[in-house]
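Per the UniProt record's numbering, the sequence shown starts with residue 1, numbered consecutively.
Even glycine gets a Cβ: it sits at the ideal position worked out from N, Cα and C.
A quick note: this is a predicted structure, and the numbers were derived from the prediction, not measured.
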Amino acid sequence: MEFTGERFIPNVIEDNEIKIEHLQRYQSIQELVSGKIVLDAACGEGYGSNYLATNAEKVVGIDIDEESIVHAQNKYLKRNLEFMAASIEKLPFEDHSFDVVVSFETIEHVNENLQQQFLTEIKRVLKEDGILIMSTPNKKIYTDFRNYHNPFHVKEFYKDEFYCFLSSAFNFVDFSYQTRENVYLLGKENGKTFANLNHDSNLDVNSKYIVAICSDVSNNEFQLNSVVVESGDYNLKISRILQLQDEVEERNKHIHYLDSEIEEKNNYIVTLQDENTKLKNQLNQVEIIKQQVELFKAKLNEINDQLAGSQQEKQDLIEKVQKLETKENQLHHENEQLKEKERTLNNIYDSDGWKLLLKYYGVRDKIVPSDGKVRLLAKLFKKIVIDGNFRLLNKENVKKFIYYAKNQNLSMLENRVDNYIERNTSDTSEFKLSLIDIEQSYEKITFEKFATPDVSIIIPVYNQWHYTYSCLKSILANTQNVSYEIIIADDMSSDETVNISEYVENIKVVRDGENRGFLLNCNNAAQYADGQYVLFLNNDTQVQEGWLDSLVQLIESDHQIGMVGSKLVYPDGRMQEAGGIIWNDASGWNFGRLDDPNKPEYNYVKEVDYISGAAIMIKKDLWETIGGFDERYVPAYFEDSDLAFEVRKHGFKVMLQPKSVVVHFEGISHGTNVSEGVKRFQELNKSKFIEKWSNELKTNHYRNGEHVFKARDRSKFKKTILVIDHYVPHFDKDAGSRTTYQYLKLFVQMGLNVKFIGDNYYKHEPYTTELEKLGIEVFYQPYNNKNIEQWFKQNGKYIDYVYMNRPHISIKYVDIVKKYTKAKVVYYGHDLHFLREYREYELTGNEALKKSSEDWRKTEFSLYEKSDVVYYPSDVEVTEIKKYYPTINAIAIPAYIFEEKEFIESNQADKEGLLFVGGFGHKPNIDAVLWFVSSVFPKIVEEKPDMKFYIVGSNPPNEISSLASKNIIVTGFVTDEELDLLYKKSKLVVVPLRYGAGVKGKVIEAMYNQVPIVTTSVGAEGIIDSENILMIADTESEFANQVINLYDNDEKLNELSQASLDYVNNHFTAKAVKEIISTDISN
């Protein structure tokens, strides 16, 4: 057997003290067990049981370790000795079967519960006059005094604690103590040894071990006395101590000699250091000269570039002049043509024919007054017969005309007629649709069958087979990425619908012999739905690509969304509805009707009063909780509006998904004549709706036609914030855009109604769509710099906050904002442009930068004076501007917002290389990389020839791209996923900025990604206690040394990684930002 560190094994352990301690305990009780039946609990290797068997009638040794028991059984063979594997938790013996139970150094190895179980088991197996002999370490001496912790011990005892433990089971408990003392011997050579012990110490206080004898009968006759002598060891140890003292003295003499040598060497080092300082100064001078040479080279390149640019500008101007001359000639020619036409027109006015025509119009107006029905009929005759629009003249339209002629005044009727004719005769919108021809021949359609569909699409039908077939064909063509089922709710059609199963496979058809009407038909069909979402789709529709997966993505993006719906358009490409508005008189607006569906106001996700039942999707469990469409509205109309109100009543939101486009052939389902058929229930059900929801209508809805700006996205009780920046934030390309994007998301989370103006009014993708998915209205064409003031004039009263970014953009809008709104004006500067330019001037000496700095200063100071609040990303900028404006309301806010996450220690061995991240539309980034590659990186490569340097950032100029080599990788723009991988595999991030101002996004982002950073003082600017988080170096040698020394120091790398993430979690989360800005911006 091998010694594991705790079980004693004779002849294996060399430590004599351990050997004596273990053997002495068994020797001391040999007389007590004479003629007894003994249990040795936790007998270990078996040496003790074997020893006791010499005098005892019988000894049983047990141990939980089977290897030890097998060893004992093979080694110790006696008639009265038995070994078996067993646990002290449950002793495998009958009650009262042992005279003595022995347990040495066992009890401290188990927990308190098991200690108590063991004691109970001992009591059970002992005879009534039996005794327990148990030892354990004295915790006070064994552990506390020596400040030692034995890893194998679970629960040790102090003396009093051990006494109480044993007394709980036995009437008499007597302690003996085992310790080590010096012993003096007087005896005959080779004779029996006698000893007189002079014992002055207190055994019970200073002893290392306690040995207890326990019984329920008096144990005064039980005495434990034992002395074990270590022959010769004491004198040997004294001799060794004296020898060691001589060695120490000799070594002290040698140390004294070495001290004098060290002092001499130190003096020589001081001399060398002085010489080294002189050399460093000379090298620094050389370095300064080299930098000046590089600056001169850069300046020369800049001048050459400017010359080349000037030549190009000159050529461009020449071409523009030539174009203007051509344009001037064209205008001159057109002017002559206009003069000729004007002369012709004057001749017409002077002619007899024109005078006769004027008389005709006068007579016509007397005979047919402009407000007369005859005049309207004449207009219709001209539009339909003369203009050739006979297709508009049908029985249904004639009926509607007669109805409205009876019930509306002539001006309204004429407007209605004009609207209808324009809608059906004008050019279609540029809105792109994919329509399926409605034909009379029908090929077979087969849908995929899903075992557990996500969506149940219910199509209520009553005849109109050709529309139903086209609807199904459009679903098959344009539905991907979502599992679904089709349920045809056939309300006892009499046309080819009855044979639908011959044309379409893998759909459910609900047709049970009863004509229920639209509402009850829908409720009945929903009982057969297996999806977690129920979607009602009119049969007079054709869905467009991506219609269904966009609905599912929206409803699953927020657990508070209960129902979603599509944007409806007419077949000619014009808008039917982008969500509906319900006014407080229960009348409704199809928002955007007949307008261009491409306009920004119709293309952002938003909460709405209701969505047309032509295409709505609701959570199935919510549908069942509500009970379906309210049957008070049987057979149809107002059931969809009522359902939306019920969804909100149950605590959920109703949302429009504009990316889901459905073409609706309005009027096919129920017609458009409100005086007959199902349509007549429209007015009847309106009164029922008012009765049911009167309080809701009064409280949460505007008067008819008022405050459309707020009503269209249910913002009556929301504050509106307008955010302005140079363009839609390209959040994966530059730090400034990421900041803007993160704050836009935060404003949405805060419950604000968010609008965004990008100064170029361009619909950058995919970035614009990302904002619209968040529920942000983004202004792009037809809006532009020329007409945006009109928008402010109309809607400025609804704006509560204006959040302006960047000085050159904000200065364009601040006066318009102040003129047309009462909004709180917040200016966020990103950085101090005037300070950044001035620092570059100090570095380069370029006078143009000095002038540019002054221009920026005037712009930024003007914005400070016109803003209510000024935000900057760190206290560095705030402190700087307060030098000029001491009372300004300027606040430092986090530049970036991250989700809080936990630190995960990395295996640094899996990482390699250096990483720089930064967009190259920002001049300081270009300067930083050029300086690092030319002055720092070569020193690093000297020490680490295989070192890789990754340069990541959009729009790298030629001077950056040309740096690519075996050791330098220039990636250009990378996706967020690719950047995440680079952060995970890079060992260090370098941020070698030499000028700039404020907190740097690239630094915070790297910290969030737990990559240690080496940077300059400029790069560390604005970060509190940066010296504990970042490695900072400002000279090329210091920078290189920091990288080299840190690169292989895994312990320091992990320490910096955790400190970096902790800093971001404490300062750059949504919670931290809200606490700062809540006094200025809230809902």
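If we call anything under 8 Å between Cβ atoms a contact, is residue i one with residue j?
i: Ala890; j: Val870; result: yes
i: Phe652; j: Gly580; result: no
i: Thr446; j: Glu505; result: yes
i: Ile457; j: Ile438; result: no
i: Ala735; j: Lys901; result: no
i: Val101; j: Leu32; result: no
i: Tyr762; j: Tyr727; result: yes
i: Ile757; j: Phe779; result: yes
i: Tyr604; j: Ile776; result: yes
i: Ser550; j: Ser660; result: yes
i: Asp725; j: Asn785; result: no
Which of the three DSSP states is assigned to residue i in this structure?
i: Glu556; result: helix
i: Ala892; result: strand
i: Leu519; result: helix
i: His726; result: coil
i: Ala997; result: coil
i: Thr1016; result: coil
i: Cys471; result: helix
i: Pro635; result: coil
i: Ile69; result: helix
i: Pro453; result: coil
i: Thr844; result: helix
i: Ser1082; result: coil
i: Lys619; result: strand
i: Ser1037; result: helix
i: Leu433; result: coil
i: Glu577; result: strand
i: His833; result: helix
i: Asp200; result: Low per-residue confidence applies at Asp200: pLDDT is 49, beneath 50, and the placement is therefore not dependable, though the value from the model is reported in the following sentence. In this structure, Asp200 counts as coil in the three-state DSSP scheme.
i: Ser207; result: coil
i: Ile241; result: helix
i: Ile1032; result: strand
i: Gly588; result: strand
i: Tyr827; result: strand
i: Ser669; result: The predicted position of Ser669 is uncertain, since its pLDDT is 45 and thus under 50; no value can be drawn from it.
i: Ile721; result: strand
i: Thr1069; result: strand
i: Thr54; result: coil
i: Glu1051; result: helix
Taking all protein chains shown into account, decide if residue i is buried (16 or more other Cβ within 10 angstroms of its Cβ) or exposed.
i: Ser201; result: Confidence is the limiting factor: at Ser201 the pLDDT is only 49, short of 50, which leaves the residue's position unreliable and the question unanswerable from this model.
i: Thr468; result: buried
i: Thr428; result: With a pLDDT of 39 at Thr428, under the threshold of 50, the modelled position of that residue is not reliable, and no figure is offered here.
i: Ile1081; result: buried
i: Pro729; result: buried
i: Thr720; result: buried
i: Tyr484; result: buried
i: Ala212; result: buried
i: Tyr257; result: exposed
i: Val248; result: exposed
i: Pro453; result: buried
i: Asp491; result: buried
Determine, for residue i, whether the minimum Cβ-Cβ distance to residues of chain D falls below 8 Å.
i: Glu691; result: Looking at the structure shown, chain D is missing, and only one protein chain is on hand.
Which runs of the beta strand (DSSP E) spanning at least 3 residues fall entirely within the segment 85-173, listed in chain order? You should have 98-104, 126-137.
Counting only runs of 3+ residues fully inside the segment 736-806, write out the beta strand (DSSP E) ranges in chain order. If we require 3 residues or more, the beta strand (DSSP E) runs fully inside the segment 736-806 come out as 753-758, 777-779, 801-805.
Mind pulling the alpha helix (DSSP H) runs of 4 or more residues that sit fully within the segment 485-521? Considered as a whole, the segment 485-521 harbours 500-503 as its complete alpha helix (DSSP H) runs of no fewer than 4 residues, in chain order.
Three or more C-beta pairs below 8 Å linking the segment 744-754 and the segment 806-826: These segments do not touch.
Segment contact, 8 Å Cβ cut-off, at least three pairs: the segment 874-894 with the segment 960-977: Three or more Cβ pairs closer than 8 Å define a contact, and the segment 874-894 falls short of that threshold against the segment 960-977.
Does the segment 1040-1059 touch the segment 949-963, meaning 3 or more C-beta pairs lie closer than 8 Å? Fewer than three pairs of CB atoms, one per stretch, sit closer than 8 Å, so the segment 949-963 makes no contact with the segment 1040-1059.
Using a Cβ distance threshold of 8 Å, determine whether the segment 792-806 contacts the segment 824-843, with at least three qualifying pairs required. Counting Cβ pairs under 8 Å, three or more are found: they touch.
Specify whether the segment 486-500 and the segment 571-585 touch according to this definition: at least 3 beta carbon pairs, one from each stretch, less than 8 Å apart. In short, these stretches do not touch, since the Cβ pair count stays below three.
Cβ pair count under 8 Å reaching 3, the segment 767-776 against the segment 842-861: Touching, no, given that fewer than three Cβ pairs across the two stretches are closer than 8 Å.
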